[in-house]
Structures are given as structure tokens and as C-alpha cells.
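Asker: Residue numbers (full-length UniProt numbering): 1 to 492. Below is a structure I'd like to ask you about.
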Amino acid sequence: MPLLLALDQGTTSTRAIAFDATLAPVATVQVELPQHFPAPGWVEHEPEDIAAHSLAVLREALAKAGGEARDVAGIGITNQRETTLLWERATGRAVGRAIVWQDRRTAATCEALKAAGHEALVRARTGLLLDPYFSATKLAWLLDHTPGARAAAERGELCFGTVESFLLFRLTEGRVHATDATNASRTMLFDIHRGAWDAELCELFRVPMAILPQVRDCAAPLGETRLLGGAIPILGMAGDQQAATIGQACFAPGMMKSTYGTGCFALLVTGEEAVPSSNRLLTTLAWQLGGRRAYALEGSIFMAGATVQWLRDGLGIIQHASEADGWAARANPAERVQLVPAFTGLGAPWWDAAARGAILGLTRASGRAEICRAALEAVALQTGDLLEAMRRDWPGMKQTVLRVDGGMAKSDWTMQFLADLLGAPVDRPMVTETTALGAAYLAGLQAGLLPSPSEAPTHWRLERRFQPNMSREEAAERRAAWQDAVRRTRSA
Numbered sequence: 001m002p003l004l005l006a007l008d009q010g011t012t013s014t015r016a017i018a019f020d021a022t023l024a025p026v027a028t029v030q031v032e033l034p035q036h037f038p039a040p041g042w043v044e045h046e047p048e049d050i051a052a053h054s055l056a057v058l059r060e061a062l063a064k065a066g067g068e069a070r071d072v073a074g075i076g077i078t079n080q081r082e083t084t085l086l087w088e089r090a091t092g093r094a095v096g097r098a099i100v101w102q103d104r105r106t107a108a109t110c111e112a113l114k115a116a117g118h119e120a121l122v123r124a125r126t127g128l129l130l131d132p133y134f135s136a137t138k139l140a141w142l143l144d145h146t147p148g149a150r151a152a153a154e155r156g157e158l159c160f161g162t163v164e165s166f167l168l169f170r171l172t173e174g175r176v177h178a179t180d181a182t183n184a185s186r187t188m189l190f191d192i193h194r195g196a197w198d199a200e201l202c203e204l205f206r207v208p209m210a211i212l213p214q215v216r217d218c219a220a221p222l223g224e225t226r227l228l229g230g231a232i233p234i235l236g237m238a239g240d241q242q243a244a245t246i247g248q249a250c251f252a253p254g255m256m257k258s259t260y261g262t263g264c265f266a267l268l269v270t271g272e273e274a275v276p277s278s279n280r281l282l283t284t285l286a287w288q289l290g291g292r293r294a295y296a297l298e299g300s301i302f303m304a305g306a307t308v309q310w311l312r313d314g315l316g317i318i319q320h321a322s323e324a325d326g327w328a329a330r331a332n333p334a335e336r337v338q339l340v341p342a343f344t345g346l347g348a349p350w351w352d353a354a355a356r357g358a359i360l361g362l363t364r365a366s367g368r369a370e371i372c373r374a375a376l377e378a379v380a381l382q383t384g385d386l387l388e389a390m391r392r393d394w395p396g397m398k399q400t401v402l403r404v405d406g407g408m409a410k411s412d413w414t415m416q417f418l419a420d421l422l423g424a425p426v427d428r429p430m431v432t433e434t435t436a437l438g439a440a441y442l443a444g445l446q447a448g449l450l451p452s453p454s455e456a457p458t459h460w461r462l463e464r465r466f467q468p469n470m471s472r473e474e475a476a477e478r479r480a481a482w483q484d485a486v487r488r489t490r491s492a
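Rendered as C-alpha cells:
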């Protein structure tokens with residue numbers, strides 16, 4: 001039986017999973033990716049770490065699955081989105097560190113562009129907000145602050161890409177400089193309605209169009225790699241949240257998923273309609289297949305699993321992330337501690353880059369358990385904010401079930417609180433690493449091994465449904481207390 005290899009390059013780790021032709025996982029390999037914080041609000045990665053780790057986990061997963069290059073029908077790539085890289089076209093060597101999606105160094109640039117009245121154009125063309133989260137201002141910063149970079153870019157000697165584009169270039173040994181439509185849609189340089197790079201936006205952000213990658217479908221012949229012992233085609237590519245949407249088999253309008261990794265990302269599929277948001281959500285591509293685009297409304301939260309990491313690494317009140325569940329369960333029910341994890345600002349629907357984190361409601365009885373509970377509750381409370389904004393943007397939305405995935409979806413305590421707060425079932429699939437599953441599906445679709453999205457999906461299986469059991473009155477009280485806490489952290 002042929003294998004499908006998924007490369008999932010994330011913010012804090014790089015993972016490869018080998019799947020069989022039915023999309024059952026056969027072997028998994030994961031390594032942590034160091035992050036660098038050279039200044040407050042700055043987050044960087046070493047590109048050579050990204051490239052080396054990716055090749056290493058692919059090799060090890062293939063070996064662990066007992067396969068060779070000739071056994072692999074295709075590779076699918078999925079990635080942390082918006083993280084911005086520049087590299088030399090001739091050598092593939094990165095020019096400086098990658099600027100991570102969490103990085104806020106260009107907040108002042110975004111504010112200046114807003115003040116000059118440019119956000120309406122950006123929203124109309126890209127579906128995005130003017131925010132340092134996205135790639136365009138990061139790219140301009142690299143061009144301006146890397147000696148010689150702007151001149152080299154103007155000469156066509158440099159390549160820009162987000163992580164998947166960089167990895168494709170390196171895996172194909174410089175033969176292919178391309179991206180897929182979902183990742184292109186997160187750069188603030190791409191017209192999501194025409195499906196093309198936008199010259200006016202490139203001029204606004206001072207980006208030479210010569211450095212942009214070609215844009216392909218999510219399932220397409222993307223080149224081949226010869227670095228795993230033989231020629232293997234690369235057949236699938238999508239940004240992590242779009243790949244998770246595909247992995248969750250959310251193919252019909254109205255279906256929605258929420259992924260809990262470093263951050264939290266909820267997507268509501270709207271089909272062929274690009275629904276504009278009046279509530280500061282994002283209108284984004286869900287996928288592009290056969291040249292046809294499907295859209296989604298997206299809400300992005302910067303800190304989910306990263307908040308639990310902070311409990312471990314910053315406060316030292318837990319030794320392992322898995323301990324947070326147990327401490328939350330032991331918290332005093334009478335305590336009402338709120339933790340607003342605005343460590344790098346607030347994402348949707350607030351988009352407040354200057355907001356900062358806070359713990360509120362502490363008493364002398366508050367301790368480790370109450371802080372752990374507040375951290376986990378914050379994930380669900382932020383998700384509630386996103387879903388409420390989606391309801392306002394798309395009045396026909398009927399929330400029946402939320403499909404969840406990612407590392408934090410393994411937390412029974414958090415998923416039960418999420419169902420309680422939303423008043424709706426929360427479904428956790430058998431394979432919670434749906435980002436990698438979606439990448440493998442795209443590769444298998446292009447290889448002719450798997451059915452199209454219009455057919456009944458065969459790769460999604462329910463592991464557990466969490467049913468709500470909290471009263472609507474209590475849920476409303478929790479939401480009100482949370483919103484008051486958020487208000488206290490806002491910059492304006």
C-alpha cells in the first residue's frame with residue numbers, strides 16, 4: 001500500500017507523519033523548533049533550523065514507517081502561516097532570520113497606514129486587516145533593515161516566501177519557487193477575488209513583484225524532492241488552518257472547526273461566497289482546487305497552547321503541559337480568576353496590538369490551581385468571542401457542532417468547558433493532528449488515491465463528543481466577567 005507523507009512545520013515544532021492510503025497514521029516524528037525573542041514583541045526563527053528539522057523528520061518518519069522513496073505516492077506540506085522569509089535565489093540561503101507571525105515589530109507601520117486611509121483597500125482586496133500579523137509589513141521591514149536586501153530584491157536576486165514556499169524551494173533544490181493560494185491569501189499582497197498578486201498592494205507595501213512566488217492550487221504537481229533516497233512528488237500544500245479545515249472534512253458551507261495549537265484559529269466555511277466581515281474577522285481562502293476557490297470567515301487568537309507553555313516556562317507552576325488539566329479540576333469553584341493572555345496583543349475580534357496580558361480577580365485563596373483553570377478557560381472564552389462575531393457577520397449561521405483539533409484538543413477539561421460555554425456539542429476526531437491529515441489528503445487527492453471534497457469524506461472519524469451541561473445563565477455570567485477583564489487590558 002502506498003504511503004503519503006505530511007510535513008507539518010509549526011511555530012514551536014516540526015512534525016512529519018506517514019499515512020497509509022486510507023489516511024491512517026503509520027509513523028510520527030516531531031522535534032521542537034526554538035524561538036528567539038530579540039526584543040519585546042519580536043519573535044524569530046532560524047531558517048536553517050526550519051529546513052534542517054523538516055528534512056530530518058521526513059527522513060525519520062519514512063524510515064519509521066518501514067518505507068523507501070519508491071513507496072511514497074506524494075508529500076503534502078502545511079505550515080505556520082504569515083511567517084516571513086527572504087532568501088537568495090541562487091543559493092537558497094536565507095537572508096536573516098524568519099519573522100514569525102506572532103511578531104509585532106511593524107505595529108507602528110500598520111497604524112500609520114491605517115491613519116493614511118489604506119485599510120479599506122487592503123480589506124477589499126485581501127479580506128485582511130492592516131495588522132503586523134500578516135506578511136507584507138514584515139517583508140518590507142526585512143527589505144529595509146537587511147543590508148543590501150532591497151537592491152538585491154529589485155534585481156530579482158532574492159525570493160520571498162512564507163514557510164511552505166521556503167521549504168518547497170529547499171526540497172526541490174531551488175527548482176521551484178511557488179506557494180499555494182491559501183498561503184498567498186495571508187500575505188496582504190494577494191487579491192482573493194481575482195486569485196492573483198496585486199500590483200497596487202505591492203506598491204503600497206514597497207514590495208518588488210519579482211520576488212513573489214508563483215501561486216498554485218492546494219492539490220497540484222508542485223515539483224519533486226530527491227533528498228529522501230529517490231524522486232518523490234510534492235502534491236499538496238496549504239496553510240495550517242486551511243489544512244486543518246480540510247483534515248476535519250469541513251467541506252460544506254456552515255461547517256466550522258477550531259484548532260488549538262500555539263494559537264487558536266476558528267474557521268467557518270462559507271463556500272463560493274467571500275463573506276465580508278463587519279466584526280473584524282478575516283475573509284480568507286479555505287482552499288483552491290481545480291482553479292476554483294472556496295472561502296471562509298476566520299478568527300485568530302494569538303495565545304492558546306502558548307499560554308500553557310507560559311505556565312510551564314514563565315511561571316514554573318507546572319512541569320508538563322498535561323498537568324494543567326489536573327490543577328484546573330482542583331480549583332476552588334468560588335474563585336473567579338481571569339487570565340487574559342494578551343502577551344503579544346489581542347487578535348480577533350479585538351485586533352489590539354498594544355494590549356498586554358493580565359491576571360485579574362486574585363484573592364488570598366487564589367493559587368496554582370486557579371491560575372491554571374483561568375488559563376484553560378481563556379481558550380474557550382476567546383473562542384466564544386470568535387463564534388459570536390461569526391454569527392453577526394453571517395446571520396444564517398446555525399451553530400450545531402464545533403469540530404476541534406490540535407494539541408490542546410486533547411485536554412478533556414478544556415473541551416468540556418468549551419462545550420459548556422458555547423452551549424453546543426464539541427466533536428474531537430480520532431486523529432487530532434488534522435493539520436497534517438489535511439496535507440496528506442491534498443497529496444492523496446492529487447495522486448488519485450482519495451475521493452474529492454464533493455464525495456462523502458472517508459478520513460474523518462469521531463473519537464468523542466463533549467455535550468454542554470452548564471446553564472445558559474452561568475455561561476452568560478462567565479462571558480460577561482471575561483469581557484470585563486478584556487476591557488481592562490485594552491490599549492484604548
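Every residue gets a Cβ at the ideal spot worked out from N, C-alpha and C, and that includes glycine. Model, not experiment: these values are computed from the prediction.
In the DSSP output, which residue or residues are listed as bridge partners for H193?
Answerer: DSSP output for H193 lists no bridge partner at all.
Asker: Would you call N79 buried or exposed, if buried means 16 or more other Cβ atoms sit within 10 Å of its Cβ?
Answerer: Buried, by the Cβ-count rule.
Asker: Within a Cβ cutoff of 8 Å, which residues of the same chain sit near G67, ignoring the five residues on either side of it in sequence?
Answerer: Excluding positions up to five away in sequence, the list reads L3, A18.
Asker: I'd like the list of long-range same chain contacts for W197, defined as Cβ closer than 8 Å, with 5 residues on each side in sequence excluded.
Answerer: Closer than 8 Å at the Cβ level, and outside the excluded window around W197, lie A184, L189, F190, D191, M209, L212, V215.
Asker: What span of residues does the alpha helix (DSSP H) with L422 cover, start to end?
Answerer: Taken as a continuous stretch (DSSP letters only), the alpha helix (DSSP H) holding L422 covers 412-422.
Asker: For T137, name the three-state secondary structure that DSSP assigns.
Answerer: Three-state DSSP puts T137 in a helix.
Asker: Counting along the chain, where does the beta strand (DSSP E) carrying I17 start and finish?
Answerer: I17 -> beta strand (DSSP E) spans 13-20.
Asker: With three or more beta-carbon pairs closer than 8 Å as the criterion, would you say the stretch 405-420 touches the stretch 321-334?
Answerer: These segments touch.
Asker: Distance, Cα to Cα, A380 vs R403?
Answerer: Near 13 Å, if we compare the C-alpha coordinates of R403 and A380.
Asker: Near P25, what residues of its chain come up, given a Cβ to Cβ distance below 7 Å and the 5 sequence neighbours on each side ignored?
Answerer: So the list reads I17, F19, V431, once near-sequence residues are dropped.
Asker: Skipping 5 residues on each side, what residues in its chain have a beta carbon closer than 8 Å to that of A424?
Answerer: Cβ neighbours of A424 beyond the five flanking positions: Q399, T400, V401, L402, P468.
Asker: Would the beta-carbon of G361 fall within 8 Å of that of Q382?
Answerer: Result no, Cβ atoms of G361 and Q382 do not sit closer than 8 Å.
Asker: Per the DSSP calculation, D405 is bridged to which residue(s)?
Answerer: In DSSP, D405 forms a bridge with T259.
Asker: At which residues does the beta strand (DSSP E) containing I232 begin and terminate?
Answerer: Unbroken beta strand (DSSP E) run through I232: 232-239.
Asker: Can you tell me whether DSSP reads C372 as helix, strand or coil?
Answerer: Three-state DSSP puts C372 in a helix.
Asker: Using the beta-carbon count (16 or more within 10 Å), is F134 buried or exposed?
Answerer: Buried, since its Cβ has 16 or more Cβ neighbours within 10 Å.
Asker: With L285 and Q319 assumed to form a contact (beta carbons below 8 Å), what rounded beta-carbon distance in angstroms separates them?
Answerer: No, L285 and Q319 are not in contact; Cβ-Cβ is about 40 Å, not under 8 Å.
Asker: Quick one: residues in its chain with C-beta nearer than 7 Å to the C-beta of S54, no 5 flanking neighbours on either side, listed in chain order?
Answerer: Hits under 7 Å: L7, Q9, T14, L167.
Asker: What does a CB cutoff of less than 6 Å around T262 pick up in its chain, not counting 5 residues either side in sequence?
Answerer: T11, T12, G305, A306.
Asker: Kindly identify the DSSP beta-bridge partner or partners of L268.
Answerer: For L268, which the question treats as bridged, DSSP gives the partners M256, L297.
Asker: Within the stretch 98-132, note down every full alpha helix (DSSP H) run reaching 4 residues or more, in order along the chain.
Answerer: For the stretch 98-132, whole alpha helix (DSSP H) runs of length 4 or above, ordered along the chain, are 107-115, 119-126.
Asker: Within 7 Å: the Cβ of D180 and any heavy atom of the ligand SAH?
Answerer: Within the structure as shown, the ligand SAH is missing, as the structure has no ligands at all.
Asker: Hey, T83 and I99 are a contact pair by Cβ (cut 8 Å); roughly how many whole angstroms apart?
Answerer: Their Cβ separation, rounded to whole angstroms, is 7 Å, which keeps T83 and I99 in contact under 8 Å.
Asker: DSSP puts W350 in a beta bridge; with which residues?
Answerer: Its beta-bridge partners do not exist; DSSP assigns none.
Asker: Report the start-end ranges of each beta strand (DSSP E) in the stretch 159-185 that is 3 residues or longer and not cut off at the edges.
Answerer: Runs found: 178-180.
Asker: Return the chain-ordered list of same chain residues with a C-beta closer than 6 Å to the C-beta of E32, the five sequence neighbours on each side being excluded.
Answerer: Once the five neighbours on either side are set aside, the close Cβ partners of E32 are S13.
Asker: According to DSSP, is H36 part of a helix, a strand, or is it coil?
Answerer: Note: H36 maps to strand in three-state DSSP.
Asker: Which runs of the beta strand (DSSP E) fall wholly inside the UniProt region "Disordered" (470-492) and span at least 3 residues, in chain order?
Answerer: Counting only runs of 3 or more, we get nothing.
Asker: For Q483, count the other beta carbons within 10 Å of its own beta carbon; 16 or more makes it buried, fewer makes it exposed. Which is it?
Answerer: It counts as exposed.
Asker: If you reduce the DSSP assignment to three classes, tell me which class V379 lands in.
Answerer: Here V379 sits in helix by DSSP.
Asker: Might you give, ordered along the chain, the residues of its own chain that have their beta carbon closer than 6 Å to the beta carbon of V269, omitting 5 neighbours on each side?
Answerer: The residues are C250, P253, M255, A286, A296.
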